[in-house]
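Going line by line, the protein sequences match chains L and S.
In terms of my numbering, the first sequence is residues 1 to 348.
In terms of my numbering, the second sequence is residues 349 to 696.
For glycine and all other residues, C-beta sits at the position ideal for the given N, C-alpha and C.
Protein chains: 2
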Amino acid sequence: MAHRSQQDRPPAGADSARPTSRDVARAAGVSQATVSLVLGDKWRGRVSERTAAVVREAAQDLGYRPNLAARNLRLGRTRTALLVVPALTNEFFARVYTGAAAVAARHGFGVVLYPSPEGVGPAKDPFASARAALDGVIASSMAAQALTAIRGSDLPLVMLDSDPADTGAAAHVNLDIADGMRQVTDHLTALGHRRIVHLSSAVASWTFDVRARALHEAAARAAGTEVCTVPAPLDVDSAREAAVRALTAPGPRPTAVVCDDDILAAGACKAARRLGLRVPEDVSVTGFDDLALATAVEPELTTVRLPAEQVGERGMDALLAVLDGRRPEERSLPVELVVRGSSAPPPV
Amino acid sequence: MAHRSQQDRPPAGADSARPTSRDVARAAGVSQATVSLVLGDKWRGRVSERTAAVVREAAQDLGYRPNLAARNLRLGRTRTALLVVPALTNEFFARVYTGAAAVAARHGFGVVLYPSPEGVGPAKDPFASARAALDGVIASSMAAQALTAIRGSDLPLVMLDSDPADTGAAAHVNLDIADGMRQVTDHLTALGHRRIVHLSSAVASWTFDVRARALHEAAARAAGTEVCTVPAPLDVDSAREAAVRALTAPGPRPTAVVCDDDILAAGACKAARRLGLRVPEDVSVTGFDDLALATAVEPELTTVRLPAEQVGERGMDALLAVLDGRRPEERSLPVELVVRGSSAPPPV
DNA sequence: CCGTCGAGGTTTTACGTATAACGTGATGGT
DNA sequence: ACCATCACGTTATACGTAAAACCTCGACGG
Numbered sequence: 001m002a003h004r005s006q007q008d009r010p011p012a013g014a015d016s017a018r019p020t021s022r023d024v025a026r027a028a029g030v031s032q033a034t035v036s037l038v039l040g041d042k043w044r045g046r047v048s049e050r051t052a053a054v055v056r057e058a059a060q061d062l063g064y065r066p067n068l069a070a071r072n073l074r075l076g077r078t079r080t081a082l083l084v085v086p087a088l089t090n091e092f093f094a095r096v097y098t099g100a101a102a103v104a105a106r107h108g109f110g111v112v113l114y115p116s117p118e119g120v121g122p123a124k125d126p127f128a129s130a131r132a133a134l135d136g137v138i139a140s141s142m143a144a145q146a147l148t149a150i151r152g153s154d155l156p157l158v159m160l161d162s163d164p165a166d167t168g169a170a171a172h173v174n175l176d177i178a179d180g181m182r183q184v185t186d187h188l189t190a191l192g193h194r195r196i197v198h199l200s201s202a203v204a205s206w207t208f209d210v211r212a213r214a215l216h217e218a219a220a221r222a223a224g225t226e227v228c229t230v231p232a233p234l235d236v237d238s239a240r241e242a243a244v245r246a247l248t249a250p251g252p253r254p255t256a257v258v259c260d261d262d263i264l265a266a267g268a269c270k271a272a273r274r275l276g277l278r279v280p281e282d283v284s285v286t287g288f289d290d291l292a293l294a295t296a297v298e299p300e301l302t303t304v305r306l307p308a309e310q311v312g313e314r315g316m317d318a319l320l321a322v323l324d325g326r327r328p329e330e331r332s333l334p335v336e337l338v339v340r341g342s343s344a345p346p347p348v
Numbered sequence: 349m350a351h352r353s354q355q356d357r358p359p360a361g362a363d364s365a366r367p368t369s370r371d372v373a374r375a376a377g378v379s380q381a382t383v384s385l386v387l388g389d390k391w392r393g394r395v396s397e398r399t400a401a402v403v404r405e406a407a408q409d410l411g412y413r414p415n416l417a418a419r420n421l422r423l424g425r426t427r428t429a430l431l432v433v434p435a436l437t438n439e440f441f442a443r444v445y446t447g448a449a450a451v452a453a454r455h456g457f458g459v460v461l462y463p464s465p466e467g468v469g470p471a472k473d474p475f476a477s478a479r480a481a482l483d484g485v486i487a488s489s490m491a492a493q494a495l496t497a498i499r500g501s502d503l504p505l506v507m508l509d510s511d512p513a514d515t516g517a518a519a520h521v522n523l524d525i526a527d528g529m530r531q532v533t534d535h536l537t538a539l540g541h542r543r544i545v546h547l548s549s550a551v552a553s554w555t556f557d558v559r560a561r562a563l564h565e566a567a568a569r570a571a572g573t574e575v576c577t578v579p580a581p582l583d584v585d586s587a588r589e590a591a592v593r594a595l596t597a598p599g600p601r602p603t604a605v606v607c608d609d610d611i612l613a614a615g616a617c618k619a620a621r622r623l624g625l626r627v628p629e630d631v632s633v634t635g636f637d638d639l640a641l642a643t644a645v646e647p648e649l650t651t652v653r654l655p656a657e658q659v660g661e662r663g664m665d666a667l668l669a670v671l672d673g674r675r676p677e678e679r680s681l682p683v684e685l686v687v688r689g690s691s692a693p694p695p696v
């Protein structure tokens, strides 16, 4: 039989069923409609101050909590947004979520996460797994396969850090990734680096394409600069292996490793150390994102700080704007080069 | 006047209203009830194979998607669980979420996260912010303040990594933290360490109390071992500062720093380096959790591997069991000492 | 020839809320 | 004196689904 160990909270309470607005109404001696008006703050001029107080007290006493499912059904909206990111274990996306959830909460919204594909398998109906009925979707460009499923629905879609030319999204929230990569490259070429390895993400995504393009363009402005691109999966060990290969390739050794992500940069540092090279004396390494990792490793990473929380905040802001019929602002977020200990002039 | 800016949704889409089961019924030439039966897989022996096929095709054609709010209202449950953790930016909790969400998805459940307190401020009604109606709660012991609010509700509660003596929870999922700390301590004392600093978390939580107790007990078994506890907030810089103080305190210098968390350990390594000490030659450092960080820093951290995903999986399993009236299994999860490069015999 | 049964549906209801539509007595202006 | 207004509520309804209760028709046993 069903255990109901929780159930016996109030000894007397024969029915532990959650009280409804009707129960409150009965207790307060008014109609259910009045309860709804009072608790919904729509009673100004329709219900007396006294009655409202009585209702509120009754609700308090009974521990009334509105049934969200019923409300959502009635209103036809749920005040819930879906956030689609590749993996929360990536600090960047955890921070995006945090920002989005904070803004959402301020507006009485909730944020649910798209179930990460790994571990679930190819869900037949991806939306069914995101149990909540949704008002809109915020998606990172890095969650490509999930997106195809989502585009089918007619939910408002806000894209994060993705190709602005992509129609089909109601709004875009972008980072000035190109500027960040340009700053990194200029920083290195100014230090004198001319042989650069680009340790790029093996994941295909707009955000990485932009990095590559900006790096090559900026490098082209410093005469005689060579850039060699090496892709690697987004984890430290894979990055280390790829970096070892890049640093031991035939020909003169590169003097700088520009990474698409701090995680890759950490791997590059380990590769250097494993090859007996010092960072930054023998080889410079730069990251991207400015995760906690960037200051946890030694030397601390020169990297590009991305306002991850702001991405989430602006994403949610944009979605709220769209839902409201307003036009979301489309200014891209500035990024900042943070010079730390992992970059220095190349060896002579 | 009531604003109705939402109303005129899509300029072009004449009827963009989502089809309901009644629409499907009309299209298939059957009643709504039949649609519900067929799509709910409850039609064996009640609807003919042919009719069922017709219904399914109609649903497919219309792109029918059941209204979750209506279903939840009707069924009185939502197949949604709340996961309460202090912060997703902590990789451990991101992994717990991942595990819980994977199991949940396999059972048609969703997982929503409790809105992190920071950025939201003290929510008057914390549940309202978790927009979804909930079937149950899974909570980490580290999210103390949120818990008091949650205990008030009569939702089934599964506690993670928390005091098993705590009644009020329908189930507990615990890690054998004490065993982990014992292994760390034995490892260090076997190497010859006798002056140990315990860099502990400043957050008060059962899981850290257990670490402290186990460390002291294990240390007491190695004659002449001193343990000095220093608390620090859970970030690299704070940990570094605390570790610097501990390593420069009057008296003979400690030869090992045992940390409650890999993040603290990373800080301790930085402190050592800053003081001109080598890890592990001059001072050993151990972590806890085995986050990605542990192998990103150099030297790689000796630490205790916690099966974070499993914690989430088992937590969800337990909640499902409770909701099902079954008795959840209460075996605690084993942990494993991982010896890497940050621990070695003390200097002579 | 009647009662029963089973297959294959349909009608109806309830879930809890928000709100449009509808009283109702008292006040007030002319 | 009488309608208009107002202040304060109430009644009634719809949201979309799941499922209990109810029909209808043919077959079949006795």
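Think of a sphere of 7 Å around the beta carbon of Y97 of chain L: the chain S residues whose beta carbon falls inside it are L436, in chain order. Close partners of T248 of chain L in chain S (Cβ separation under 9 Å) are lacking, with about 19 Å as the shortest Cβ gap. Judged by DSSP in its simplified three-state form, A139 of chain L adopts strand.
Approximately 6 Å separates the beta-carbon atoms of L247 of chain L and A271 of chain L; this is inside 8 Å, confirming the contact. About 19 Å separates the Cβ atoms of V460 of chain S and T496 of chain S, ruling out a contact at the 8 Å cut-off. The Cβ neighbour count for E217 of chain L, taken over all protein chains shown within 10 Å, is under 16; the residue is labelled exposed. In the DSSP annotation of this structure, the continuous segment of the beta strand (DSSP E) that includes L431 of chain S starts and ends at T428 to V432. If you look at L508 of chain S, you'll find it in the beta strand (DSSP E) that goes L505 to L508. Using a Cβ distance threshold of 8 Å, R653 of chain S and V683 of chain S count as a contacting pair. Taking a Cβ-Cβ threshold of 7 Å, none of the residues of chain L is close to K390 of chain S; the smallest such distance is about 17 Å. Between L649 of chain S and R688 of chain S, the CB-CB gap stays under 8 Å. Interface with chain S (8 Å Cβ-Cβ cutoff): E329 of chain L is excluded.
The bridge partners DSSP lists for R305 of chain L are L:D289 and L:E336. The beta carbon of V506 of chain S sits no closer than 8 Å to any beta carbon of chain L. Sequence-distant partners of V38 of chain L (beyond 5 residues in either direction) whose C-beta falls short of 7 Å from its own C-beta, in its chain, are V47, A52, V55 and R56. Out of S:H546, S:A480 and S:A492, the CA that lies nearest to the CA of D609 of chain S is found in S:H546. For secondary structure counted as the beta strand (DSSP E) over 3 or more consecutive residues, the stretch 534-561 of chain S holds these complete runs in sequence order: 543-549. Against L293 of chain L, the close residues of chain S are L641 and A644, in the order they occur along the chain (beta-carbon pairs closer than 7 Å). Listed in chain order, the non-local C-beta contacts of Q658 of chain S below 7 Å within the same chain comprise G447 and L681, local neighbours out to five positions each way being set aside.
When C-beta distances to chain L are compared with 8 Å, the residues of the stretch 580-604 of chain S below that value are D583, V584 and D585, in chain order.
The contact set of T78 of chain L on chain S, defined by CB atoms closer than 9 Å, consists of L416, A417, R479 and A480 in chain order. Q531 of chain S counts as buried, since no fewer than 16 other beta carbons sit within 10 angstroms of its beta carbon. In the DSSP assignment, E574 of chain S falls within the beta strand (DSSP E) that extends over E574 to A580. Bounds of any alpha helix (DSSP H) do not take in G458 of chain S; it lies within the beta strand (DSSP E) bounded by G458 to L461. Within chain S, T428, G458, V459, V460, L461, R479 and A480 have C-beta atoms less than 9 Å from the C-beta of V112 of chain L, given in sequence order.
Listed along chain L is no residue with a C-beta nearer than 9 Å to that of E629 of chain S; the closest approach is about 15 Å. A straight-line Cα-Cα distance of about 17 Å links S36 of chain L and R77 of chain L. The beta carbon of R621 of chain S sits closer than 8 Å to some beta carbon of chain L.
For the 8 Å CB-CB criterion, G615 of chain S and V645 of chain S do not form a contact. In the assembly as shown, L323 of chain L is a buried residue. Its beta-carbon has 16 or more other beta-carbons within 10 Å. Taking 8 Å as the CB threshold, E397 of chain S stays off the interface with chain L.
Closest option to R398 of chain S, judged by alpha-carbon separation, among S:V378, S:R413 and S:A692: S:V378. Our two residues, S200 of chain L and C259 of chain L, have alpha carbons roughly 6 Å apart in a direct line.
L623 of chain S carries a coil assignment under DSSP once its states are collapsed to helix, strand and coil.
The bridge partners DSSP lists for H520 of chain S are S:M507. With a beta-carbon spacing of about 33 Å, P66 of chain L and S140 of chain L fall beyond the 8 Å limit used to define contacts.
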